[in-house]
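Q: First the structure, then my questions, so here it is.
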Amino acid sequence: MRFRRNKLFASAVGLVLSLVCALDAAKVNKHKPWIETTYHGIVTENDDKVLLDPPLIALDKDAPLRYAESFEVTLTEEGEICGFRIHGQNVPFEAVVLDKSSGEGIIRAKEKLDCELQKEHTFTIQAYDCGEGPDGANMKKSHKATVHIQVNDLNEYSPVFKEKSYKATVIEGKKYDSILKVEAVDADCSFQFSQICNYEIVTPDVPFTIDKDGFIKNTEKLNHGRENMYKLTVTAYDCGKNRASEDVLVKISIKPTCKPSWQGFNKRIEYEPGTGSLALFPSMHLETCDEPITSIRATIELETNHIGKGCDRDTYSEKSLHKLCGASSGTMELLPAPSSSANWTVGLPTDNGHDSDQVFEFNGTQAVKVPNGLVSTSLKELFTISVWMRHGPGAHEKETILCNSDKTDMNRHHYSLYVHNCRLILLLRQDPSEVENYKPAEFHWKLEQVCDKEWHHYVLNVELPTVTLFVDGSTFEPFLVTEDYPLHASRIETQLTIGACWQGGNARMAQFFRGNLAGLMIRSGKLENKKVIDCLYTCKEGLDVQLPEEVASTVKVEFNPNQSSLTVEGDDIDAFDKVMQHISYLNSRQFPTPGIRHLRISTTVKCFNEESCVTMPDVEGYVMVLQPEEPKISLSGIDHFARSAAEFESQEGVTLFPELRIVSTITREVETDTESLATEGADDDPTVQETVVSEEIMHNLDTCEVNVVGDELDAEHEGLEVDMDQLQQRSLEMSSSHLGLVITGVNTMANYEQVLHLIRYKNWHTEALFDRKFKLVCSELNGRYISNDFKVEVNVIHTASTMEQLSNALLQPNFINPVHQASVDLSGHNLVNAHQASVVPSAATIVIVVCVSFLVFMIILGVFRIRAAHQRTMRDQENGKENEMDWDDSALTITVNPMETYEDQHSSEEEEEEEEESEEGEEEDDITSAESESSEDDEGGEQEDQQGASRQQQLEWDDSTLTY
Numbered sequence: 006m007r008f009r010r011n012k013l014f015a016s017a018v019g020l021v022l023s024l025v026c027a028l029d030a031a032k033v034n035k036h037k038p039w040i041e042t043t044y045h046g047i048v049t050e051n052d053d054k055v056l057l058d059p060p061l062i063a064l065d066k067d068a069p070l071r072y073a074e075s076f077e078v079t080l081t082e083e084g085e086i087c088g089f090r091i092h093g094q095n096v097p098f099e100a101v102v103l104d105k106s107s108g109e110g111i112i113r114a115k116e117k118l119d120c121e122l123q124k125e126h127t128f129t130i131q132a133y134d135c136g137e138g139p140d141g142a143n144m145k146k147s148h149k150a151t152v153h154i155q156v157n158d159l160n161e162y163s164p165v166f167k168e169k170s171y172k173a174t175v176i177e178g179k180k181y182d183s184i185l186k187v188e189a190v191d192a193d194c195s196f197q198f199s200q201i202c203n204y205e206i207v208t209p210d211v212p213f214t215i216d217k218d219g220f221i222k223n224t225e226k227l228n229h230g231r232e233n234m235y236k237l238t239v240t241a242y243d244c245g246k247n248r249a250s251e252d253v254l255v256k257i258s259i260k261p262t263c264k265p266s267w268q269g270f271n272k273r274i275e276y277e278p279g280t281g282s283l284a285l286f287p288s289m290h291l292e293t294c295d296e297p298i299t300s301i302r303a304t305i306e307l308e309t310n311h312i313g314k315g316c317d318r319d320t321y322s323e324k325s326l327h328k329l330c331g332a333s334s335g336t337m338e339l340l341p342a343p344s345s346s347a348n349w350t351v352g353l354p355t356d357n358g359h360d361s362d363q364v365f366e367f368n369g370t371q372a373v374k375v376p377n378g379l380v381s382t383s384l385k386e387l388f389t390i391s392v393w394m395r396h397g398p399g400a401h402e403k404e405t406i407l408c409n410s411d412k413t414d415m416n417r418h419h420y421s422l423y424v425h426n427c428r429l430i431l432l433l434r435q436d437p438s439e440v441e442n443y444k445p446a447e448f449h450w451k452l453e454q455v456c457d458k459e460w461h462h463y464v465l466n467v468e469l470p471t472v473t474l475f476v477d478g479s480t481f482e483p484f485l486v487t488e489d490y491p492l493h494a495s496r497i498e499t500q501l502t503i504g505a506c507w508q509g510g511n512a513r514m515a516q517f518f519r520g521n522l523a524g525l526m527i528r529s530g531k532l533e534n535k536k537v538i539d540c541l542y543t544c545k546e547g548l549d550v551q552l553p554e555e556v557a558s559t560v561k562v563e564f565n566p567n568q569s570s571l572t573v574e575g576d577d578i579d580a581f582d583k584v585m586q587h588i589s590y591l592n593s594r595q596f597p598t599p600g601i602r603h604l605r606i607s608t609t610v611k612c613f614n615e616e617s618c619v620t621m622p623d624v625e626g627y628v629m630v631l632q633p634e635e636p637k638i639s640l641s642g643i644d645h646f647a648r649s650a651a652e653f654e655s656q657e658g659v660t661l662f663p664e665l666r667i668v669s670t671i672t673r674e675v676e677t678d679t680e681s682l683a684t685e686g687a688d689d690d691p692t693v694q695e696t697v698v699s700e701e702i703m704h705n706l707d708t709c710e711v712n713v714v715g716d717e718l719d720a721e722h723e724g725l726e727v728d729m730d731q732l733q734q735r736s737l738e739m740s741s742s743h744l745g746l747v748i749t750g751v752n753t754m755a756n757y758e759q760v761l762h763l764i765r766y767k768n769w770h771t772e773a774l775f776d777r778k779f780k781l782v783c784s785e786l787n788g789r790y791i792s793n794d795f796k797v798e799v800n801v802i803h804t805a806s807t808m809e810q811l812s813n814a815l816l817q818p819n820f821i822n823p824v825h826q827a828s829v830d831l832s833g834h835n836l837v838n839a840h841q842a843s844v845v846p847s848a849a850t851i852v853i854v855v856c857v858s859f860l861v862f863m864i865i866l867g868v869f870r871i872r873a874a875h876q877r878t879m880r881d882q883e884n885g886k887e888n889e890m891d892w893d894d895s896a897l898t899i900t901v902n903p904m905e906t907y908e909d910q911h912s913s914e915e916e917e918e919e920e921e922e923s924e925e926g927e928e929e930d931d932i933t934s935a936e937s938e939s940s941e942d943d944e945g946g947e948q949e950d951q952q953g954a955s956r957q958q959q960l961e962w963d964d965s966t967l968t969y
């Protein structure tokens with residue numbers, strides 16, 4: 006049996022050896038390696054090992070069996086896998102053979118992978134065998150397989166917020182579903198690590214919460230009074246539970262409950278006179294609380310009814326205003342300011358609380374009669390009546406504004422303007438005519454303005470048979486015109502009255518007016534045109550707006566006639582705000598009326614449903630017009646001079662104000678720099694901060710009045726005159742009376758100066774006239790600003806022929822005594838030749854001056870005798886003064902009363918002795934030197950006595966013509 010086994014083993018070995026020999030003999034590489042067509046792999050970033058599915062294994066049919074029964078057979082090179090080759094650009098992977106005989110291999114990363122840069126990689130791979138023989142000839146390659154490798158992410162990044170901080174504003178008292186949203190991002194590439202899974206408010210104890218999506222809302226109603234801003238710190242977490250690298254700050258502001266209104270409005274607005282227009286709402290804007298607004302309408306009202314006659318206007322006389330507006334002739338003012346030439350309004354109560362705006366008050370008991378002949382209006386010609394009136398609801402009786410009625414016997418009304426039951430009625434009874442037909446006699450207007458207690462301007466243009474009424478510049482037609490017969494012929498005179506109607510038959514007033522009147526005018530022969538009417542009514546203050554170009558087409562602006570109200574309409578809130586910010590207040594007067602002007606803004610807002618969805622409260626404020634710098638009008642010039650009697654009696658007369666100058670100044674307080682004051686001088690007071698300076702300004706005048714001081718003017722032998730041509734050239738008027746003259750009209754100070762230079766005083770009987778005094782006063786704005794009283798004294802120089810007639814009268818006791826006792830002030834006299842327009846005293850003044858001069862001379866002589874040694878220089882100066890006081894009496898024949906000279910000498914000697922006794926105690930030290938030169942003084946005194954005696958002889962009165 007053993008032998009048989011050995012024999013069988015030997016046979017098998019032989020068979021194997023023969024097979025190996027047969028394979029050795031073949032040695033041919035016939036087949037390609039084989040791999041799968043697609044591979045999927047996973048690799049984690051920062052790792053190089055790739056897990057493939059399926060595993061990377063290459064097979065080759067050229068490889069022999071591995072096992073023959075229990076024996077291991079070594080493969081030849083033709084069946085081995087030598088490597089794998091990857092195809093693709095910049096593929097960060099490589100394939101490595103682990104076992105050539107089995108064909109097993111792996112894929113691994115050549116460098117560090119970053120999922121955030123590239124999450125997937127795709128490429129192809131190919132296997133190749135070792136070929137034939139030791140040189141690897143006839144090497145075979147497999148087909149190309151596709152490899153997909155996904156890079157798995159690591160949670161290496163933390164969340165980062167998109168904004169550095171977040172802000173939001175909410176309104177108190179509301180709970181919001183969402184106030185704002187915070188958002189963070191994560192740079193990781195995977196869904197797990199790149200998603201933010203949670204947000205958290207880090208700040209403790211705040212009434213807010215945040216959800217996983219980052220929405221913040223309040224957990225309770227917020228209160229602005231308790232906290233007006235919350236500051237929250239918020240963080241975020243990704244799904245890998247990484248916290249944000251930096252927390253974020255969230256600010257939530259709490260606004261008070263939103264109320265639609267105008268914001269940024271100053272209640273008090275100060276206006277400084279002379280500064281032009283002033284923006285009223287420079288920072289104002291409309292808050293609509295996010296309502297869907299479609300249109301806005303705002304009305305801005307400037308309330309000026311309490312200023313003057315409804316607003317700030319020039320307060321010149323109504324006649325001057327008519328001239329300024331172009332009504333240059335034919336106007337007669339029936340309610341002028343009381344003056345010497347127009348005194349019929351003296352007894353009427355006036356309202357002077359509006360800076361000299363002349364307003365007369367009628368309480369139902371007052372009325373005035375207009376002087377006869379002042380108005381000569383014939384109803385056959387054109388005429389105009391204009392008046393300012395303020396009237397409220399009254400009784401059902403007639404209230405007369407103006408009435409022309411019979412002066413005696415009867416109560417016929419020729420024409421009248423009156424108010425009855427809030428109607429304005431003009432009665433015009435025409436004069437008798439040949440044909441007695443019905444003609445229009447009463448014109449009725451039913452007007453709200455008549456009884457609204459506001460100032461209105463009424464103008465009636467009468468052109469029979471029609472009458473046109475203008476109220477505040479607007480035309481109104483009469484709703485009723487009644488007719489009547491013309492009046493019967495009568496020789497009864499008529500009486501024109503204001504505030505009531507004169508009943509001639511009963512000799513009393515009736516139908517009294519209750520209200521205020523101003524500027525009542527009648528213009529004969531002409532009708533007032535619309536331009537003049539508008540000028541008279543136009544205010545000097547009002548609202549103004551300069552529309553920006555970018556909003557001019559989107560916003561509509563409308564004004565009322567006197568620009569005290571404007572309406573703004575638009576649909577764009579931003580454009581609307583810009584227009585409101587450009588609305589301004591303007592007062593063009595040089596000296597506006599100070600005080601408050603109330604402002605009111607009424608606003609209506611509509612939404613998409615064309616209804617008022619938002620209620621806007623009215624806004625109220627006021628413009629404070631500050632007190633203007635008041636001008637000080639100063640009149641200056643020669644206030645004392647003398648002229649010869651011949652000049653007073655000449656055709657030209659004597660010019661009263663030859664060198665008059667009118668200057669107006671205002672006083673300002675100028676701030677000074679305390680540092681500069683300290684630098685300029687160490688002695689200066691460094692605390693001084695304001696300096697008062699006077700500045701000259703130019704403005705108009707409207708009145709200058711020249712009145713005589715003392716006795717009234719006697720029209721029979723004296724009067725004041727002025728060149729009427731010069732007045733007319735300057736559109737000025739003059740009225741005169743026994744008290745003086747008044748020049749009226751609005752014109753410059755320079756023109757008034759030139760006219761006043763031409764005023765002359767004439768006197769045809771100067772025998773008993775020694776002097777005349779006059780007073781000049783000028784004013785502006787109907788007496789609002791008044792100048793100083795400039796007084797002028799004019800002395801009359803009488804020639805020798807005149808003095809002969811007066812010499813005897815001067816010697817009478819009743820004439821001498823007052824002169825002897827009078828105290829004369831010579832400081833204002835300059836006694837030189839009268840033809841050189843210098844100052845020369847009257848005859849009585851000459852006598853007094855001579856006597857007083859002699860008395861002074863005697864006193865000086867006594868003093869010289871006592872103090873001669875120390876007064877040599879003084880004596881020369883006194884002699885010079887004495888020579889200056891010598892009269893140039895070559896043209897005068899003057900006689901001094903001998904009795905008066907004797908009394909003056911004795912009184913002078915007594916006064917000299919008293920003065921010497923009083924000075925003996927003080928001058929004892931000077932007696933010696935005085936005695937040593939007494940001979941010289943005596944000689945000088947004798948010479949002076951001789952000169953005085955000769956002078957007295959020259960100044961003796963020539964009393965040959967005086968009658969006792």
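Note that this note's numbering gives residue 121 to position 116 of the sequence shown, counting from 1, and the numbers run on in steps of one.
Even glycine gets a Cβ: it sits at the ideal position worked out from N, Cα and C.
Does the separation of the CB atoms of Pro-597 and Pro-633 fall below 8 Å?
A: By 1-based counting over the sequence shown, the position of residue 597 is 592. By 1-based counting over the sequence shown, the position of residue 633 is 628. Yes, the pair counts as a contact, with Cβ atoms nearer than the cut-off.
Q: Is the separation between the beta-carbon of Asn-426 and that of Arg-519 shorter than 8 Å?
A: In the sequence shown, residue 426 corresponds to position 421, counting from 1. In the sequence shown, residue 519 corresponds to position 514, counting from 1. For Asn-426 and Arg-519, no; Cβs fall outside 8 Å.
Q: Does the distance from the CB of Ala-63 to the CB of Ile-40 come in under 8 Å?
A: On the sequence shown, position 58 is the one that residue 63 refers to. On the sequence shown, position 35 is the one that residue 40 refers to. Cβ atoms of Ala-63 and Ile-40: closer than 8 Å.
Q: Can you tell me the Cα-Cα spacing of Ala-249 and Glu-232, whole angstroms?
A: Here residue 249 corresponds to residue number 244 of the sequence shown, with the count starting at 1. Here residue 232 corresponds to residue number 227 of the sequence shown, with the count starting at 1. Roughly 29 Å between the two C-alpha positions.
Q: Between the alpha carbons of Ser-479 and Cys-456, how many angstroms are there, rounded?
A: Locating residue 479 in the sequence shown gives position 474, where the first residue counts as 1. Locating residue 456 in the sequence shown gives position 451, where the first residue counts as 1. Near 17 Å, if we compare the C-alpha coordinates of Cys-456 and Ser-479.
Q: Look at Tyr-181 and Asn-223 and say whether their C-beta atoms are less than 8 Å apart.
A: Residue numbering aside, residue 181 sits at position 176 when the sequence shown is read from its first letter. Residue numbering aside, residue 223 sits at position 218 when the sequence shown is read from its first letter. Yes, the Cβ-Cβ distance between Tyr-181 and Asn-223 is below 8 Å.
Q: Three or more C-beta pairs under 8 Å: does that hold for the stretch 601-611 against the stretch 621-632?
A: The stretch 601-611, when compared against the stretch 621-632, does touch it at the 8 Å Cβ threshold.
Q: Going by DSSP in three states, Tyr-490 sits in which element: helix, strand or coil?
A: Indexing the sequence shown from 1 puts residue 490 at position 485. Correct three-state label for Tyr-490: coil.
Q: Does DSSP put Ala-466 in a helix, a strand or coil?
A: Translated into positions along the sequence shown, residue 466 becomes position 461. The question names Ala, but residue 466 is Asn in the sequence shown. In the structure shown, Asn-466 sits in a strand (DSSP, three-state: E or B).
Q: Just reading off the beta strand (DSSP E) that Tyr-542 is part of, what are its end residues?
A: Working through the sequence shown from its first residue, we reach residue 542 at position 537. It is not in any beta strand (DSSP E) - Tyr-542 instead sits in the alpha helix (DSSP H) that spans 535-542.
Q: Ordered along the chain, which non-local residues of its own chain (more than five positions away) have a Cβ less than 6 Å from that of Ser-740?
A: Your numbering for residue 740 matches position 735 in the sequence shown. The answer, listed in chain order, is Ser-346, Val-747.
Q: Spell out the partners DSSP gives Thr-336 in its beta bridges.
A: Taking the sequence shown and counting its residues from 1, the one referred to as residue 336 is at position 331. Paired residue(s): Arg-528.
Q: Give the range of the alpha helix (DSSP H) segment to which Glu-758 is assigned.
A: The residue given as residue 758 occupies position 753 in the sequence shown. Segment 754-761, the alpha helix (DSSP H) holding Glu-758.
Q: Can you name the residues that DSSP bridges to Gly-5?
A: Examination of residue 5 is not possible in this model, given that the chain is present from 6 through 969 alone.
Q: Thinking C-beta only, is Ala-303 closer than 8 Å to Thr-608?
A: Counting from 1 along the sequence shown, the entry for residue 608 is found at position 603. Counting from 1 along the sequence shown, the entry for residue 303 is found at position 298. The answer is yes: Cβ separation under 8 Å.
Q: From Cys-202 to Ser-195, what distance separates their C-alpha atoms?
A: Against the sequence shown, residue 202 aligns to sequence position 197. Against the sequence shown, residue 195 aligns to sequence position 190. Cα to Cα, Cys-202 sits roughly 14 Å from Ser-195.
Q: In angstroms with no decimal places, state the Cα-to-Cα distance between Trp-769 and Ala-720.
A: Taking the first residue of the sequence shown as position 1, residue 769 is located at position 764. Taking the first residue of the sequence shown as position 1, residue 720 is located at position 715. Roughly 10 Å separates the two Cα atoms.
Q: Under 7 Å Cβ to Cβ from Glu-116, same chain only, skipping five residues before and after it: list those, please.
A: Taking the sequence shown and counting its residues from 1, one reaches residue 116 at position 111. So the qualifying residues of the chain are Pro-97.
Q: Report the start-end ranges of each beta strand (DSSP E) in the stretch 405-433 that is 3 residues or longer and not cut off at the edges.
A: List check, beta strand (DSSP E) in window: 418-425, 428-433.
Q: At what residues does the beta strand (DSSP E) containing Ala-132 begin and finish?
A: What you label residue 132 is simply residue 127 of the sequence shown in a count that begins at 1. First-last of the beta strand (DSSP E) with Ala-132: 125-134.
Q: Check each candidate in Glu-546, Met-234, Val-187 and name the one with the smallest Cα separation from Pro-261.
A: Counting from one through the sequence shown, the residue named residue 261 turns up at place 256. If we check each option's Cα against that of Pro-261, Met-234 comes out closest.
Q: Tell me which residues share the same chain as Met-621 and place their Cβ nearer than 6 Å to its Cβ, disregarding the 5 neighbours each side in the sequence.
A: What you label residue 621 is simply residue 616 of the sequence shown in a count that begins at 1. The answer, listed in chain order, is Pro-265, Thr-608, Val-610.
Q: What whole-angstrom Cβ distance do Lys-767 and Lys-778 have, given they're in contact under 8 Å?
A: If you number the sequence shown from 1, residue 767 lands on position 762. If you number the sequence shown from 1, residue 778 lands on position 773. Not really, about 16 Å apart at Cβ, beyond 8 Å.
Q: Touch check for the stretch 483-493 and the stretch 446-453: three-plus C-beta pairs under 8 Å?
A: Counting Cβ pairs under 8 Å, three or more are found: they touch.
Q: Taking the straight line between their C-alpha atoms, what separation do you get for Gly-269 and Ile-259?
A: If you number the sequence shown from 1, residue 269 lands on position 264. If you number the sequence shown from 1, residue 259 lands on position 254. Cα to Cα, Gly-269 sits roughly 19 Å from Ile-259.
Q: I need the DSSP call for Val-101, collapsed to helix, strand or coil.
A: Numbered from 1 along the sequence shown, position 96 holds the residue referred to as residue 101. Residue state, collapsed to three classes: strand.
Q: Restricting to Cα atoms, I'd like to know which of Trp-267, Arg-735, Lys-314 is closest to Thr-293.
A: The residue labelled residue 293 in the question sits at position 288 within the sequence shown. Here the closest residue by C-alpha is Trp-267.
Q: For Val-697, count the other beta carbons within 10 Å of its own beta carbon; 16 or more makes it buried, fewer makes it exposed. Which is it?
A: Your numbering for residue 697 matches position 692 in the sequence shown. The residue in question, Val-697, is exposed, as its Cβ has fewer than 16 Cβ neighbours within 10 Å.
Q: Rounded to whole angstroms, what's the CA-CA distance from Lys-458 to Trp-507? Just pull it up for me.
A: As a first step, residue 458 is located in the sequence shown; it is residue number 453 there, counting from the start. As a first step, residue 507 is located in the sequence shown; it is residue number 502 there, counting from the start. Cα-Cα distance, rounded: 26 Å.
Q: What are the complete beta strand (DSSP E) segments, minimum 3 residues, inside the stretch 234-265?
A: Counting whole runs of 3 or more residues, the stretch 234-265 contains the beta strand (DSSP E) stretches 234-243, 253-260.
Q: Where does His-36 fall in DSSP's three states?
A: Taking the first residue of the sequence shown as position 1, residue 36 is located at position 31. The answer is coil: DSSP assigns His-36 none of H, G, I, E or B.
Q: Check this for me: beta carbons of Ser-495 and Leu-640, under 8 Å apart or not?
A: Here residue 495 refers to the residue found at position 490 of the sequence shown. Here residue 640 refers to the residue found at position 635 of the sequence shown. No, they are not a contact pair.
Q: Give every residue of the same chain whose Cβ lies closer than 7 Å to the Cβ of Lys-403, excluding the five residues on either side of it in the sequence, and list them in chain order.
A: Position 398 of the sequence shown, counting from 1, holds the residue named residue 403. Correct list, in chain order: Tyr-423, His-425, Gln-516.
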